[in-house]
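Q:
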Amino acid sequence: MGVVSPSTPHEFSEPAASERLDSWKEIAAYLKRDESTVRRWEEEGLPIHRLPHKKKATVYAFKSELDVWWSDGRSRLDAAVITGPTSSRGRLRWVAVGVTLLVVALALTVAERQRVFRGPRVGEIGSIAVLPLKNLSGDSGQDYFADGMTEALITELGKIGSLQVLSYQSVIRYRQTAESLPQIARELNVVAVLEGSVLRSENRVRITANLLQAAPERHLWAESFEFDPRDVLAVQREVAQEVARQTQVSLTPQERARLTTSQRVDPEAYEAYLLGRAYFYKARTATNSMRAKEYFEKAIAKDSGYAAAYASMAELYIWTSSGGTWMTDPNAKYREARLRAREWAEKALAVDDTLAEAHNALAMVKQVEWDWTGAEQEYRRAIELNPSYAMARISYAIHIYALQRFEEAAAQAERAQQLDPVSPFVNTWAGAAYFFAGRVEDARASLQRVLELEPSYSDASLVFARNYVSKAMYQEAIVELQTALTFNATEPFVLGALAHVYGRVGRVEDALKLVGELKRIEAERGNSPMSPFPFVWAYAGLGDKDQAFVWLERSYQQRRQRMVWLNVDPLLGPLRSDARLHDLVRRMGLPTNSPPPPG
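Position one of the sequence shown corresponds to residue 202 (the working numbering), numbered consecutively onward.
In structure tokens form, the structure reads like this:
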């Protein structure tokens with residue numbers, strides 16, 4: 202179906218004029234078909250645009266969009282049109298035959314169109330991946346806009362509980378891929394794929410979306426949306442609604458309401474927000490964190506009613522608090538970050554209480570405030586609002602295995618993996634959840650997947666090592682940790698864990714050398730001190746309980762996130778019987794009704 206632009210025509214600066222076809226004749230010639238066939242194809246999703254005038258609308262199309270549409274519908278057949286002179290009787294005879302054939306053809310066409318374009322049977326399409334939208338501007342500096350629109354579409358589709366939507370982190374790697382759609386679908390384990398493009402000019406945006414079933418490969422739907430940038434949120438939700446219709450998934454009344462209500466957003470605020478998200482996803486350096494913060498603040502200044510920018514500020518303070526990028530007082534840094542994160546999350550929810558990201562951020566804050574019930578309520582609300590929110594599910598899994606509800610945690614972790622199958626973070630902590638639930642082979646497979654994709658991802662090595670320690674397999678733990686150090690010889694958590702294991706096997710001198718290295722790293726960090734936990738682990742392994750509790754108390758006062766695992770961390774095994782640990786557990790309000798893991 203074509204899209205009719207508003208009454209005032211607008212010329213996009215990109216693509217170039219040579220890219221545009223300005224009549225049915227030019228479009229038909231480009232596709233090497235007659236005009237009647239091409240006009241019919243518009244009903245099947247051919248991306249045609251219209252500029253209305255006083256008496257009629259002028260059609261136009263872009264070659265790149267036609268190419269995408271054609272490549273996604275390569276099995277189309279055209280009936281040959283044969284013309285020639287005939288006698289009057291012959292003409293009448295052929296007219297009669299033609300009418301009969303036309304009736305039959307129309308009946309078959311209707312049946313076929315109902316079969317093809319109605320989509321698979323209800324329930325057949327339950328999973329989808331939104332591939333990175335193509336940036337048609339010709340300027341790679343605009344990739345952030347296309348990527349941001351991709352993430353937004355994923356978020357909107359994720360609100361549909363009966364549709365599993367792959368995470369942004371899992372699909373963004375396909376931006377420049379040459380892989381076929383069926384191959385991508387197999388890798389991501391999805392039934393359908395949504396792909397498309399985005400083109401932005403000074404005051405117009407055009408999105409083209411194509412929905413395809415992967416196996417057997419067939420085109421289900423295509424549409425172009427040309428709109429005022431202030432309506433971007435409404436269009437994103439319109440696309441989500443159309444995908445829901447085409448995949449025939451069921452919507453609850455609440456989901457339908459969330460997808461049909463939207464507000465306008467200031468274009469400058471939206472652009473600043475997308476730039477902030479781009480820096481947020483880059484390597485977590487002080488510079489990138491600061492740039493993300495500046496752009497989110499600009500978005501809020503431009504549009505104080507844009508809740509997503511508030512939620513992103515909350516996420517930023519949570520995920521960068523350990524670096525203290527813009528904190529001036531190291532003693533107040535962690536408390537300040539926590540309070541700022543809470544403040545921004547609550548502001549987001551005051552504007553829009555259906556924002557899953559804000560509920561997830563508030564849950565993480567409540568977790569380190571030792572508000573276990575409040576945190577769980579927020580995690581569950583985030584998942585209710587966006588069932589495909591992988592980060593909320595894995596964070597919730599971490600929360601409930603800290604509460605020793607291991608089977609529940611493993612179930613949430615498994616769901617998170619389905620939604621974000623290539624994320625090192627998700628796979629690592631899913632592996633931890635599986636170990637606690639006794640699903641050892643699943644745990645090993647998850648962690649091995651991480652280390653194959655990213656060998657330097659030290660948290661995966663730490664989870665492996667913790668499991669080895671819990672089984673008194675100390676030599677295996679040493680090998681795992683030493684291997685991790687070959688990628689980063691100064692990673693504090695790995696050094697602390699290795700010092701712990703050295704202490705457990707009697708290699709005291711080696712353990713003390715690593716403690717000295719930790720102290721050197723701590724001194725070099727100045728106003729950004731590292732987590733106390735490497736020291737806790739090291740002294741616990743050495744049997745120096747007094748020093749272990751000095752550092753553990755410091756971690757408690759700073760409300761470090763790893764404190765939530767006080768009841769389940771195998772590297773705290775030597776401290777289990779000490780009354781001081783029981784006192785910390787009591788002060789944190791952690792449950793004590795389950796036996797601790799070995800350690």
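No residue lacks a Cβ here, since even glycine has one placed at the ideal position from N, Cα and C. Fair warning: this is a prediction, and the values are worked out from it, not measured in the lab.
When the distance is taken between beta carbons, is Leu-367 closer than 9 angstroms to Pro-588?
A: no
Q: Please confirm whether Ala-557 and Ala-598 have their CB atoms less than 9 angstroms apart.
A: no
Q: Closest to Gln-377 by C-alpha separation, out of Glu-723, Arg-492, Tyr-480, Leu-332, would be which residue?
A: Leu-332
Q: For Leu-785, count neighbouring Cβ atoms within 10 angstroms of its own Cβ and tell me buried if that reaches 16, exposed if not.
A: buried
Q: Applying the 10 Å Cβ sphere with the 16-neighbour rule, what's the burial state of Arg-721?
A: exposed
Q: For Pro-647, I'd like the list of residues in its chain whose CB is within less than 6 angstroms of its CB, leaving aside the five on either flank, ordered along the chain.
A: Inspection of the sequence shows that residue 647 is occupied by Ser rather than by Pro. Result list for Ser-647: Asn-628, Ala-631, Gly-632, in chain order.
Q: If the criterion is Cβ atoms closer than 9 angstroms, does the pair Arg-594 and Ala-614 meet it?
A: yes
Q: Report the three-state DSSP secondary structure of Thr-409 (helix, strand or coil).
A: strand
Q: State the start and end residues of the unbroken alpha helix (DSSP H) segment that holds Phe-829.
A: No answer is possible for residue 829: it lies beyond the span of the chain, which begins at 202 and ends at 800.
Q: Does the beta carbon of Asp-223 fall short of 8 angstroms from some heavy atom of the ligand HEM?
A: With respect to the ligand HEM, the structure offers nothing, as it holds no ligand at all.
Q: Roughly how many angstroms separate the alpha carbons of Gly-198 and Ser-756, rounded to a whole number?
A: With the chain represented from 202 up to 800, any question about residue 198 goes unanswered, as that position is not in the structure.
Q: Short of 8 angstroms in beta carbon distance, which residues of its chain neighbour Val-372, apart from the five on each side in sequence? Order them along the chain.
A: Ala-330, Val-331, Leu-332, Pro-333, Thr-351, Ile-355, Leu-389
Q: Excluding five sequence neighbours on each side, which residues of the same chain lie with their C-beta closer than 6 angstroms to the C-beta of Ala-739?
A: Same-chain partners within the cutoff: Gly-697, Ala-700, His-701, Val-716.
Q: Roughly how many whole angstroms lie between the Cα atoms of Gly-506 and Gln-455?
A: 22 angstroms
Q: Look up Gln-414 in the DSSP assignment and give the residues it is bridged to.
A: Ala-393, Arg-419
Q: By Cβ distance below 7 angstroms, which residues in the same chain neighbour Ala-515 in space, the five residues on each side in sequence not counted?
A: Ala-542, Trp-545, Ala-546, Ala-549, Ala-559, Ala-562
Q: Whole angstroms is fine: what's the gap from Arg-539's alpha carbon to Trp-573's?
A: 16 angstroms
Q: Out of Asp-770, Ala-470, Val-391, Leu-719, which has the shortest C-alpha to C-alpha gap to Asp-432?
A: Ala-470
Q: Exposed or buried, Leu-328, counting other C-beta atoms within 10 Å across all chains shown (16 or more means buried)?
A: A small fix is needed here, since residue 328 is Ser in this sequence, not Leu. The residue in question, Ser-328, is buried, as its Cβ has 16 or more Cβ neighbours within 10 Å.
Q: Can you name the residues that DSSP bridges to Leu-400?
A: Arg-407
Q: Out of curiosity, what's the CA-to-CA distance linking Arg-536 and Val-651?
A: 32 angstroms
Q: Report all residues from its chain with a CB closer than 8 angstroms to the CB of Glu-498; omit the five preceding and five following residues, and keep chain order.
A: Met-514
Q: From the DSSP output, read off the bridge partner residues of Phe-688.
A: Paired residue(s): none; Phe-688 is not in a bridge.
Q: Which whole-angstrom value is the C-beta distance of Ala-610 and Ala-634, which I expect to be below 8 angstroms?
A: 4 angstroms
Q: By a C-beta neighbour count over all protein chains shown, 10 Å radius and 16 as the cutoff for buried, is Gln-676 buried or exposed?
A: exposed
Q: Which class does Ser-425 belong to by DSSP, given the choice of helix, strand or coil?
A: strand
Q: Check Lys-264 in the structure and name its three-state DSSP category.
A: helix
Q: Who are the near neighbours of Gly-246 in its chain, counting only those whose CB is closer than 8 angstroms to its CB and skipping five residues on each side?
A: The beta carbon of Gly-246 sits closer than 8 angstroms to those of Met-202, Trp-270, Gly-274, Asn-411, His-420, Trp-422, Ala-423, Glu-424, all from its chain and outside the five residues before and after it, given in chain order.
Q: Over what stretch of residues does the alpha helix (DSSP H) that includes Val-239 continue unbroken?
A: 236–243
Q: Measuring straight from C-alpha to C-alpha, what distance separates Ala-312 and Arg-241?
A: No answer about Ala-312 holds up, because its pLDDT of 34 lies below 50 and its placement is not dependable.
Q: Ends of the beta strand (DSSP E) at Val-331?
A: 328–331
Q: Kindly identify the DSSP beta-bridge partner or partners of Thr-448.
A: None; Thr-448 has no bridge partner.
Q: At the level of alpha carbons, what is the spacing between Glu-418 and Leu-663?
A: In a straight line, the C-alpha of Glu-418 is about 42 angstroms away from that of Leu-663.
Q: Please report how far the alpha carbon of Arg-645 lies from the alpha carbon of Tyr-602, in whole angstroms.
A: 18 angstroms
Q: Using three-state DSSP, classify Arg-478 as helix, strand or coil.
A: helix
Q: How far does the alpha helix (DSSP H) with Val-627 in it reach, from first residue to last?
A: 625–637
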